[in-house]
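A.B. asks:
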Amino acid sequence: MSDLKQLSGLQLIVVFISAMIGVGIIIMPRSLADAVDAPDLWLSIIWGFLLIGLFSMIIVQLVSRYPGQTFFEISTIITGKYIGFLLNVCYILYTLIVSAYILRVTSGIIKNHLLDTTPLSVVIGGFLIVSTYLITNGAGDIVRFFQLYFPVMMFMFIALCLLSLKDVDINNLRPVFGEGIMPTFQGIKITFFSFLGFEFLLIFSKVLGKRSPNKLRAGMWISLGLTAIIYIVFHALSLGILGLEELKQITFPTVEMAKSIEFQGFFFERFEILFLVGWLITAFTSFSAYYYAMWTGVRQTFRTKSKLFVWMVAAFIFGAALYPTGMTEVFQYSRLINYASAIAIILFPALLLLISLIRRQSYAK
Amino acid sequence: MKETNYPLVDNLVKMIEGNDKVTVKSVTVQNKPIYIIYIKTIADVDHIREFILKPLLDMKAKSKPSIVENLPLNDLAKIEQSDQILKKIFNGFTLIIEDADIYAVNTSKFSLRSVQEPVTEVTLRGARDGFIESLEKNISLLRMHLRTNDLTFQEFTIGQKAFTNVSVAYLEGAANPELIKEVVKRVDNIDTDYIPDGGIIEQLIEKNSNSLFPEVHETERPTKVANALIEGRVAIFIDGSPSVLIAPATLNSLFHSTDDYNFKWIPASFIRLLRYFAAFISVMLPAMYISLISFHQGLIPTDLAFSISKTREGVPIPSFMEALLMEITIEVLREAGVRLPKPIGPAVSIVGAIVLGEAAVTAGIVSPLMVIVVAFAAICSFTVADYGLSLALRTLRFFMLLSAAFLGIYGLLLASFIVSIHLIRLKSFSTPYLEPFAPYFHKRWKDSLIRYKFNKRGGQSE
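From first to last, the protein sequence lines stand for chains E and Y.
Be aware that the first sequence starts at 321, since it is given in the numbering used here, and climbs by one per residue.
Be aware that the second sequence starts at 294, since it is given in the numbering used here, and climbs by one per residue.
#1: Taking only runs that begin and end inside the segment 408-483 of chain E, name each unbroken beta strand (DSSP E) of 3 or more residues, in chain order.
#2: Would you list, in sequence order, the uninterrupted alpha helix (DSSP H) runs of no fewer than 4 residues that lie entirely inside the segment 346-432 of chain Y?
#3: Considering only residues of the segment 445-472 of chain Y, which uninterrupted beta strand (DSSP E) runs meet the minimum length of 3 residues and lie entirely inside it, listed in chain order?
#4: Would you check if there are 3 or more beta carbon pairs closer than 8 Å linking the segment 478-497 of chain E to the segment 599-614 of chain E?
#5: Tell me Y:R744's beta-bridge partners as DSSP assigns them.
#6: Which complete alpha helix (DSSP H) runs does the segment 490-531 of chain E hold, if anything under 4 residues is left out?
#7: Tell me, please, whether the CB atom of E:S657 is closer than 7 Å to any CB atom in chain Y?
#8: Which of the residues in the segment 559-590 of chain Y, read from start to end, lie with their CB under 7 Å from any CB of chain E?
#9: Can you name the residues of chain E whose CB is closer than 8 Å to the CB of Y:I702?
#10: Anything in the segment 722-733 of chain Y with a Cβ closer than 8 Å to a Cβ of chain E? List those residues in chain order, please.
#11: Can you give me, in chain order, the residues of the segment 684-712 of chain Y that have a beta carbon less than 8 Å from any beta carbon in chain E?
#12: Kindly list the residues whose CB is nearer than 6 Å to the CB of Y:K318, restricted to its own chain and excluding five residues on each side of it in sequence; keep chain order.
#13: Let me see if you follow: with CB-CB separation under 7 Å, is E:I430 close to chain Y or not?
#14: Report the residue from Y:E362, Y:K381, Y:F383, Y:N399 whose alpha carbon sits nearest the alpha carbon of Y:D339.
#15: Can you round the beta-carbon distance between Y:I717 and Y:A731 to whole angstroms, since I take them to be within the 8 Å contact cut?
#16: Give me the residue from Y:T441, Y:M437, Y:L464, Y:D481 with the minimum Cα distance to Y:Q453.
#17: Alpha carbon to alpha carbon, what distance is there between E:L536 and E:I666?
#18: Mind checking Y:H735: buried by the 16 CB within 10 Å criterion, or exposed?
#19: Give me, in chain order, the residues of the same chain whose beta-carbon lies closer than 8 Å to that of E:F447; leave out the 5 immediate sequence neighbours on both sides.
#20: Report all residues from its chain with a CB closer than 6 Å to the CB of E:A420; omit the five preceding and five following residues, and keep chain order.
#21: Using DSSP with H/G/I as helix, E/B as strand and the rest coil, what is Y:I658?
#22: Can you tell me which of Y:A370, Y:I473, Y:F456 puts its alpha carbon nearest to the alpha carbon of Y:P489?
#23: Where E:D360 and E:G373 are concerned, what is the direct C-alpha to C-alpha distance, given to the nearest angstrom?
#24: Residue ranges of each alpha helix (DSSP H) run of no fewer than 4 residues wholly in the segment 507-592 of chain Y, ordered along the chain?
#25: Decide if E:M476 is buried, meaning its Cβ has at least 16 other Cβ atoms within 10 Å, or exposed.
#26: Is there at least one Cβ from chain Y nearer than 7 Å to E:Q326's Cβ?
#27: With 8 Å as the limit, tell me which residues of the segment 441-452 of chain E have their beta carbon closer than that to any beta carbon of chain Y; keep them in chain order.
#28: With a threshold of 16 other CB atoms inside 10 Å of the CB of Y:A652, please say whether the residue is buried or exposed.
#29: Any contact of the segment 736-746 of chain Y with the segment 561-570 of chain Y, i.e. 3+ C-beta pairs under 8 Å?
#30: Is there a Cβ of chain E sitting closer than 7 Å to that of Y:R718, yes or no?
#31: Please compile the residues from chain Y whose C-beta is within a distance smaller than 8 Å of the C-beta of E:D461.
#32: Give every residue of the same chain whose Cβ lies closer than 8 Å to the Cβ of Y:S502, excluding the five residues on either side of it in the sequence, and list them in chain order.
#33: Please list, in chain order, all residues of the same chain as Y:E615 whose beta carbon is under 6 Å from its beta carbon, the five residues on each side excluded.
#34: Could you have a look at Y:Y758 and say whether DSSP puts it in helix, strand or coil?
#35: Any residues in the segment 410-437 of chain Y with a beta carbon nearer than 9 Å to a beta carbon of chain E? Which ones, in chain order?
#36: Alpha carbon to alpha carbon, what distance is there between Y:T676 and E:F405?
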């Protein structure tokens, strides 16, 4: 298994940013534009960030009461064998749905922009197999992989931002508070879920070691904050380049934005490849995070040590990812997924923390 | 061979019987027979005559009880264990037997070449001596470059049918005791008939035999070994092999060359970055080209796309086959160049490069752009100093090419994920292969992608 004993502060931030940024960056601009319908939609991201920061504190509180335990262990400790089992199964289902969703959206985009004739199952299968290879060796490898690719992904994004800067029409971003502050609150229901991935803390608590809750809180706020900044920058850029009306029409606005960059005299005229590669890395990392969460859940709930189980998990994800027939159907499911996530990341941890507080149960020293 | 009066000598002779090269001489000194046993072909006969036989014949009564111990020899040692006898004699030692005691003197004289500059590792600046095929000479070469009390050797003899002397060298205090233990354990556990060269040891002590990447460095340069020992690594010397193995190896250290340290830090770092970049290009470029040509034509700039399609006009085979064909040609050329005698080697490359390449383009079998891509990738791969790593990268290039042919840029990305996950998992003697990048060790970055300047004390590692 992995030889990683304790995450460093930097690793913590890298892991959470890599887990959080994923599909959201590519589909959020459109849904946010639909929901807010105002040029100051990026404000919603800040509200979402603040809200999710508060909820993440529940998880931090819960995790620091049971150091070295994952959600699946904590739930059984708190609620007992049978209810814990039920909770775990629900959580496993949740990770299954989210990972299948990420996988499906990712392969949809790959099919759309890179491989239009390749069968979807091949695209999904390849992604799944490589991710399986990554997660089977445990948390240490995952962290190292995230760390290795983090600079690559950041480089791609920063390069893209700098290149697209000159195409931004600042008028597209104005006015701020043109329709008051209320519409931007409307967007919370979208932006809130773009931070999904932070609940990975429930799984990664295993390698947090004896990190003090305060440091953990700081780490969470920093990674959430950086993610929010990246989101805001991308929204401002896509809004500035494409304009609000266009943003509402295009399925994948961020890719369109990358496409629209014109930089003559350079070998690569087309920059969407730069963006797609950088984004594929983030999609891979966030998918692997959920996949690992699911696998950990299956292992700890059903108490199996066999590595062959991972293929069963993979088969489930594969089936779930191929279930929707088209992209439109996938987006219809996304609302369902949001409800499921709200239960999994807010209700479950809050409930567990409450019971734990009432029972005055804590393993922390 | 005639029977002697001593069962000890008879036994010994029986042990080596059938080997007519063993010489047994008996001298009677003070009415006591003394037997001298050695192998003529590997022992220094003059030395034996001068320092063993002559003094024995001239021997007068002395105060010491043993006659042999009066001989003017500096490394006379008594053999305590019987299994040492054969090892000693085949190492060129001379055995001297007096009563029941067996003494051994080093009189070895194997035929050896002189110290030369290594052929495979070229440096511009710095020491030019290279290891040769003798363990002892190699150790003396190392000692010349590394004069310290801390240099420690642990000796092993490996092999069931024919034994080889192997020495594990490290600096006491600099090397991690865990590492030393691990290397010693792995060397000690080798159980094989015969070790012809360092490459075999390398394969016997590594853990991931299915990995493409080398787990140890192989070098012929004493300075490189000295540097590695100072850094706390462990070297394995093999008798009869000019290559010395250094463990552990990391991807980062395999990219380094001794020249990096001999020049000023900014140009040296620049060259080092160039080397990393070249290695990346050599693995990825043909695959990237294939994926752009056959999957993502839309991503190629319009003007370039036009000129590419113009050059590809009339090429009868798909671009993937074209690339594969060229890659295989290059590999064949390279292999032929290595195997051929030195004076003919360059001729092959001229025939390959000019005649084959030029003619293939003119005949319309391959497009000129493909020739450029493949040739540039091949040249880039020449910048990788370590031959083991360069072999790994050459093999990887085909893997990348294949994945790009199936799934384009996406396949290429997945393939690089697989390679990076493999490298993340890989460990060389418990050291992560991708250190200091993943896991990230901030302090070790000073000697990674860049080679940061030395501080006043000459050190760099803190």
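Note that beta-carbon positions come from the ideal geometry of N, C-alpha and C, so glycine has one too.
C.D. replies: A quick look at the data gives this:
#1: none
#2: 347-351, 376-383
#3: 457-464
#4: no
#5: Y:D740
#6: 502-506, 508-514, 521-524
#7: Sequence inspection shows Ile at residue 657 of chain E; the Ser mentioned does not correspond to that position. By this cut-off, E:I657 is not an interface position.
#8: F588, H589
#9: L434, I593, L596, V597
#10: P725, L727, F730, A731, P732, Y733
#11: L700, G701, I702, Y703, G704, L706, L707, F710, I711
#12: I329
#13: yes
#14: Y:N399
#15: 6 Å
#16: Y:D481
#17: 18 Å
#18: exposed
#19: L423, T426, S427, F604, F607
#20: I637, A640, A641
#21: coil
#22: Y:F456
#23: 21 Å
#24: 515-523, 544-547, 551-555, 558-587
#25: buried
#26: no
#27: V442, V443, G446, F447, V450
#28: exposed
#29: yes
#30: yes
#31: I714, I717, R718
#32: Q496
#33: V659, M663
#34: Since the first and last residues shown for chain Y are 294 and 755, residue 758 of chain Y lies out of range.
#35: none
#36: 57 Å
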